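K.L.:
The sequence shown begins at 3 in this note's numbering and counts up by one.
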Amino acid sequence: MSDALLRAVTEQGYTEPTPIQTQAIPVILAGRDLFGAAQTGTGKTAGFTLPMLQLLMARTPEGTAQRRRPIRILVLTPTRELAAQVEESIKTYGKYLPINSTVIYGGVGIQPQIDALRAGVDILVATPGRLLDHAQQGTLDLKSVEILVLDEADRMLDMGFIHDIRKVLALLPAQRQNLLFSATFSDDIRKLAGAFLRNPATVDVARRNTPAELVAQVAHPVDQVRKRELLAHLVKSNDWHQVLVFVRTKHGANRLAEQLNRAGVESLPIHGNKSQNARTRALAQFKDGSLRVLVATDIAARGLDIEALPHVVNYDLPHVPEDYVHRIGRTGRAGSEGEAITFVSAEERPLLSAIERLINKTVAQRVVAGFEPGSAPVRDPHDTPEHREQRDQPRRGPRRRSNGGAPRGNPARGFQRDATSLPPLSAQSPAGSQHEEAGDGQNEMLRIAAENGRRNGQRSGPRDARGNPRRGGERRAQGGGQRPASSRQRPDARGPARHQGPRGPQQNFARPQPLRGTVDRDEREAQIREARMRLAEERNANPAAYAAEIRAAKARAEPKQPVQEERPRSKQVPVLFARPRRIIE
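1) In the structure shown, what three-state DSSP assignment does Pro271 receive?
2) Rounded to the nearest angstrom, what separates Asp206 and Arg34 at their Cα positions?
3) Compute the distance between the beta-carbons of His222 and Thr333, then report whether it is under 9 Å.
4) Taking DSSP as the reference, what is the three-state secondary structure of Thr12?
5) Between which residues of its own chain and Arg178 is the CB-CB distance below 7 Å, once the five residues before and five after are set aside?
6) Going by beta carbon distance, what residues of the same chain come within less than 6 Å of Ala155, once the five residues before and after it are set aside?
7) Whether or not the region 130-139 and the region 547-558 are in contact is what I'm after, with contact meaning three or more pairs of Cβ atoms, one per stretch, closer than 8 Å; do they touch?
8) In three-state terms, what does DSSP make of Gly122?
9) Does the Cβ of Lys193 have 16 or more other Cβ atoms within 10 Å, making it buried, or fewer, making it exposed?
10) I'd like the list of long-range same chain contacts for Tyr548, defined as Cβ closer than 6 Å, with 5 residues on each side in sequence excluded.
11) If we ignore side chains and look at the alpha-carbon of each, how far apart do Gly109 and Asp524 end up?
12) Can you tell which of Gly131, Glu89, Ile106 has the C-alpha that lies nearest to the C-alpha of Leu119?
13) Is the number of C-beta pairs between the region 255-269 and the region 225-239 that are closer than 8 Å three or more?
14) With contact counted as at least three CB pairs below 8 Å, one residue from each stretch, are the region 197-204 and the region 47-59 in contact?
15) Since Val247 and Leu296 should fall inside the 8 Å C-beta cutoff, what is the C-beta to C-beta distance between them, to a whole number of angstroms?
16) I'd like to know whether the C-beta atoms of Asp153 and Ile73 end up nearer to each other than 9 Å.
17) Could you check whether Leu76 and Leu144 sit closer than 9 Å to each other, using their CB atoms as the reference points?
18) Taking C-beta to C-beta, are Glu309 and Leu293 nearer than 9 Å?
19) Just curious, the beta strand (DSSP E) that Asp153 is in, first and last residue?
20) Please determine, among Thr44, Gly376, Pro375, Leu354, the residue with the shortest C-alpha to C-alpha distance to Ala366.
21) Is it buried or exposed, Pro352, if we count other Cβ atoms within 10 angstroms and call 16 or more buried?
22) In chain order, what residues of the same chain have a beta carbon less than 7 Å from the beta carbon of Gln23, not counting five sequence neighbours either side?
23) Which first and last residues belong to the beta strand (DSSP E) in which Val295 is found?
24) Would you mind stating whether Val592 and Glu539 have Cβ atoms separated by less than 9 Å?
25) Would you mind reading off the limits of the alpha helix (DSSP H) that contains Ala342?
26) By DSSP, does Ala81 sit in helix, in strand, or in coil?
27) List the DSSP bridge partners of Ser184.
28) Taking the straight line between their C-alpha atoms, what separation do you get for Ala40 and Tyr95?
29) Check the DSSP bridge columns for Val205 and list the partner residues they point to.
30) Using the rule of at least 16 other Cβ atoms within 10 Å of the residue's Cβ for burial, across every protein chain shown, is His328 buried or exposed?
31) Looking only at DSSP bridge pairs, what is Gln226 linked to?
32) Do Gly340 and His313 have their CB atoms nearer than 9 Å?
33) In the DSSP assignment, the beta strand (DSSP E) including Leu246 goes from what residue to what residue?
34) What span of residues does the beta strand (DSSP E) with Ser103 cover, start to end?
35) Is it buried or exposed, Asp300, if we count other Cβ atoms within 10 angstroms and call 16 or more buried?
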């Protein structure tokens with residue numbers, strides 16, 4: 003290593019290389035392709051940053067103009083946050099070297115990135131989507147790339163990224179050095195990586211898919227509806243000040259952050275639908291300790307380095323067991339201890355079993371007092387926030403009717419449909435005519451409807467045959483008449499008629515026109531990758547059912563040939579004799 007690199011490393015407080023650095027740096031300096039696997043948090047980023055900076059300085063002739071320098075090193079990462087972190091490491095270790103580096107990713111303006119590329123860049127860190135955008139616009143040239151680095155290679159080479167990777171590889175020169183680093187590698191990924199790695203050296207310093215030993219893992223069995231209460235209880239009772247919480251969906255991240263804020267726990271969500279400025283701001287607040295809880299999807303589970311993060315909570319278990327290793331790998335980094343807490347509901351026990359088989363370790367389960375499984379309070383199904391909000395809304399004004407306010411029903415038959423004036427069931431005689439028995443059944447139905455109405459906070463009063471409250475019955479009984487002629491007229495002859503009631507003209511609700519907006523390429527591809535991953539999970543969970551469904555879909559897609567009915571052949575009668583142009587049978 004050069005003196006400039008050693009000086010920068012010493013200033014960061016590092017004195018001894020990690021196992022992955024000890025084995026990977028000599029291989030990279032020798033110019034060979036590398037396939038590196040190590041536990042997360044063991045210094046993989048520095049393992050390829052330091053040797054490629056050394057090679058870059060050794061191959062750069064002195065006196066080269068800065069604006070004539072092409073892109074010589076390309077680093078691809080799956081997420082924007084990881085790209086920014088890798089570029090920051092390059093600037094940190096190369097602060098005393100005359101090199102330029104920049105990072106490009108989606109979610110931000112493209113013009114500042116174009117200006118940085120035109121100024122001359124030696125090392126480019128990018129996400130695949132925005133890199134292809136620049137390539138299509140002709141703002142960068144990748145024909146001089148000497149080293150290609152795929153960080154978090156298992157995600158980069160997964161089914162969601164493989165198409166973009168192939169497009170990027172087509173833009174690179176054939177003669178180059180390829181480096182792949184990640185914490186987890188499946189056998190299929192290894193076969194796929196061997197397609198473009200040339201005689202790679204494999205560096206595997208630890209068993210695959212194994213979390214760091216410094217991470218203490220514990221699982222809390224709890225009902226699904228009480229996870230939020232348990233999280234707020236643990237944060238407050240244990241006085242946690244920096245907690246990274248992982249959820250499964252973007253909507254779940256927003257909802258959990260709002261609920262924690264209402265409970266007095268400061269929290270912010272971070273996921274793919276957030277703007278890049280909002281994601282950067284939330285991550286910066288969490289790193290400097292001003293934010294107590296950061297609720298994230300798996301977008302933050304890949305390569306983020308948060309110094310001395312003490313707690314990681316798996317609020318929802320991931321469908322892919324390998325993602326569990328990346329999640330809990332955010333803590334216990336660089337020799338510091340950490341704790342990984344997992345909430346397990348009854349529906350998620352199969353997911354926990356799959357994770358334990360992957361890491362070859364049983365996660366200790368500990369029940370928190372007061373949050374035992376099955377202790378969730380039984381709630382009234384009608385007592386939900388939606389029902390309460392609907393119940394508290396103001397009711398519409400009474401309608402006017404043209405019959406003078408007379409209640410519906412036939413007085414001659416002695417039946418007035420007023421649920422509040424019905425006699426109790428005990429006062430009705432069980433015997434009687436068939437008409438009386440039918441009336442008792444209707445009375446019972448109306449009484450139940452009236453009781454439901456009073457329970458929901460509705461007014462008691464005249465009801466119709468279905469038990470709904472009559473609007474304006476009392477007012478019409480006191481002399482209410484027909485609607486004024488002016489209110490029945492159309493206010494605008496050119497537009498649709500609008501109802502004019504005692505509360506004034508009502509708004510004519512029309513379907514709003516859809517708003518057209520631009521969708522970022524990275525976001526669109528992330529949604530496609532997520533859908534493909536869900537399809538792959540369903541296929542791996544039940545291959546037989548998936549194959550049967552594919553066969554059924556193909557059968558439905560094949561065009562059906564019309565069945566032609568065979569017509570009965572006419573009976574052949576022997577010809578008795580023939581004449582010209584005429585046959586007599």
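Note that beta-carbon positions come from the ideal geometry of N, C-alpha and C, so glycine has one too.
Keep in mind the model is a prediction, meaning the values are calculated, not measured.
P.N.:
Working from what's here:
1) strand
2) Answer to the nearest angstrom: the Cα atoms are 16 Å apart.
3) Taking 9 Å as the Cβ cut-off, His222 and Thr333 do not qualify as a contacting pair.
4) helix
5) Val147, Glu148, Ile149, Leu150
6) Leu182, Ser184
7) no
8) coil
9) exposed
10) Arg541
11) 8 Å
12) Ile106
13) As far as the Cβ criterion goes, the region 255-269 touches the region 225-239, which means the pair count is three or higher.
14) Cβ pair count under 8 Å is below three, so no.
15) 7 Å
16) no
17) At the C-beta level, Leu144 and Leu76 come within 9 Å of one another.
18) no
19) 149-153
20) Leu354
21) exposed
22) Gly45, Ala48, Gly49
23) 295-298
24) Nothing about residue 592 can be reported from this structure: the residues present for the chain run from 3 to 587 only.
25) Unbroken run through Ala342 is the beta strand (DSSP E), 340-346; no alpha helix (DSSP H).
26) First, the residue type needs correcting, since residue 81 is Thr and not Ala in the sequence shown. Coil.
27) Ala39
28) When rounded, the distance between both Cα atoms is 21 Å.
29) Gly38
30) buried
31) Answer is none; Gln226 lacks a bridge partner.
32) yes
33) 245-248
34) 103-106
35) buried
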